[in-house]
Amino acid sequence: ASMLGAVLGARQTAELGKEMRMAQTIQSQILPARPAVVPGFDLAGSCRNSGAVGGDYFDYVPMADGRTLAVVADVSGHNLASGMVMVGARATLRTLAGAHTCGARVFEALAQGMFDDLTRTERFITAAGIVLRPQDLAVDVINAGHAEVMHYVARERTVRTVVGAGPILGFVPGARYEAQSLVLEPGDCLLLYTDGVTESTNGEGEMFGEDRLAEILGQTAKFGARAVVDAVLSAVRQFEGPQGRGDDVTVVAVRAMPRQGVGL
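Residues in the sequence shown are numbered consecutively from 287, following my numbering.
Next comes the structure, spelled out in C-alpha cells:
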C-alpha cells in the first residue's frame with residue numbers, strides 16, 4: 287500500500303508539473319514577442335514571474351481608430367489562478383480596444399465586463415495604460431488603481447509622476463475612468479511598472495521604492511526604452527539578492543523619439 291501510494295503520488299506530481307509547464311508556456315506565448323511599432327515612439331517591455339505562472343501582464347493593444355494602448359496590469363496574487371484571470375483579462379481587453387476609440391472607455395468596459403468574474407473569484411486587477419497615436423506626442427494616460435506612471439522630462443532632466451487614478455478593476459460596479467492628457471517632448475520617457483518592482487525587498491527587509499526607480503529612469507532614458515527596462519530588471523535582481531523573486535515584476539517604457547540629429 288505504501289509503495290502504491292508513493293507511485294500514485296509521484297504520478298500525480300508529474301502530471302501537475304506537466305500542467306504547470308503547459309500553463310507557463312501558454313502565458314509566455316500571449317505576452318508580446320516584440321515591441322509594437324508606433325512611429326515617433328520607442329517601446330520596450332518585459333515580465334518576470336515569481337513562480338511558474340504569474341498574474342502580471344503587459345501588452346500593446348490596437349484600438350479601433352488606429353492608436354495603440356500600451357498597458358500594464360497586475361492581477362492580485364501570483365499563482366495559477368491569477369494567471370488564468372490574466373489570460374481572460376487579456377482576451378477581453380483586446381476585444382474591447384478593437385471596438386473603442388477612447389482609452390478611458392476601454393477601461394470602463396473592461397471593468398464592467400469582468401466585474402462579476404472578479405467578484406466570484408475574489409480577485410481584482412490594477413492597470414495603467416498609455417494611448418499612443420503615430421507621430422503625435424500628445425498621449426492619454428489611464429490608471430485603474432495602479433502605481434502612478436513615471437515621466438522623465440528630458441528638457442529638465444527630472445522625473446515626475448502622472449497624477450490621477452480611477453478605481454481598481456473588480457472593486458466597484460459601474461467604475462468610471464478619466465484620461466490624463468499629456469504632451470511629451472522629444473526624449474521624454476514614460477514608465478509603467480507593477481508593484482513587484484517598488485515593493486521588492488532585500489535581505490534586510492528594505493523595499494526598492496519609487497526613489498530608486500526614478501533614479502534609474504533618469505539615468506537611462508536617453509539610451510532608449512530597452513535600456514530603461516533592462517536596467518530596472520537588473521537593478522531589482524541585484525537588490526533582492528539570492529533570495530529574490532518575491533513577486534511578479536513587469537516594466538514597460540515608452541520613449542518619445544528625439545528629432546533626428548538632436549541628442550537628449
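Note that beta-carbon positions come from the ideal geometry of N, C-alpha and C, so glycine has one too.
Within 8 angstroms, strictly: CB atoms of glutamate 471 and arginine 446: Locating residue 471 in the sequence shown gives position 185, where the first residue counts as 1. Locating residue 446 in the sequence shown gives position 160, where the first residue counts as 1. Between glutamate 471 and arginine 446, the gap from beta carbon to beta carbon reaches 8 angstroms or more.
Coil, strand or helix - aspartate 534 by DSSP: Sequence index remark: in the sequence shown, residue 534 carries index 248 (1-based). Of the three classes helix, strand and coil, the one that applies to aspartate 534 here is coil, per DSSP.
Close Cβ partners of arginine 334 (< 6 angstroms) along its chain, the five nearest in sequence each way excluded: On the sequence shown, position 48 is the one that residue 334 refers to. The answer, listed in chain order, is Val535.
Proximal residues to alanine 383 (C-beta, below 8 angstroms), its chain only, five neighbours per side dropped: Sequence index remark: in the sequence shown, residue 383 carries index 97 (1-based). Val347, Pro348, Met349, Ala350, Leu355 and Val392.
Local Cβ density within 10 Å of serine 368, reported as buried at 16 or more and exposed below that: On the sequence shown, position 82 is the one that residue 368 refers to. So serine 368 counts as buried.
Separation of alanine 359 from glycine 341, as counted between CA atoms: Along the sequence shown, one-based indexing puts residue 341 at 55. Along the sequence shown, one-based indexing puts residue 359 at 73. The alpha-carbon separation between glycine 341 and alanine 359 amounts to approximately 8 angstroms.
As assigned by DSSP and simplified to three states, the class of alanine 356: Along the sequence shown, read from residue 1 onward, the residue named residue 356 stands at position 70. Strand at alanine 356.
Under 8 angstroms between C-beta atoms of alanine 542 and glycine 326: On the sequence shown, residue 542 is found 256 positions in, with the first residue counted as 1. On the sequence shown, residue 326 is found 40 positions in, with the first residue counted as 1. Taking the C-beta atoms as reference points, glycine 326 is found nearer than 8 angstroms to alanine 542.
Beta carbon of glycine 522 nearer than 8 angstroms to that of serine 332: For the purposes of this step, residue 522 is taken as residue 236 along the sequence shown, with counting starting at 1. For the purposes of this step, residue 332 is taken as residue 46 along the sequence shown, with counting starting at 1. As written in the sequence, residue 522 is valine, which differs from the glycine given in the question. For valine 522 and serine 332, no; Cβs fall outside 8 angstroms.
Where aspartate 426 sits in the DSSP three-state scheme: Numbered from its first residue, the sequence shown carries residue 426 at position 140. The three-state reading of DSSP puts aspartate 426 in strand, counting E and B together.
Three-state secondary structure assigned by DSSP to methionine 235: Since the first residue shown for the chain is 287 and the last is 550, residue 235 is missing from the structure and cannot be characterised.
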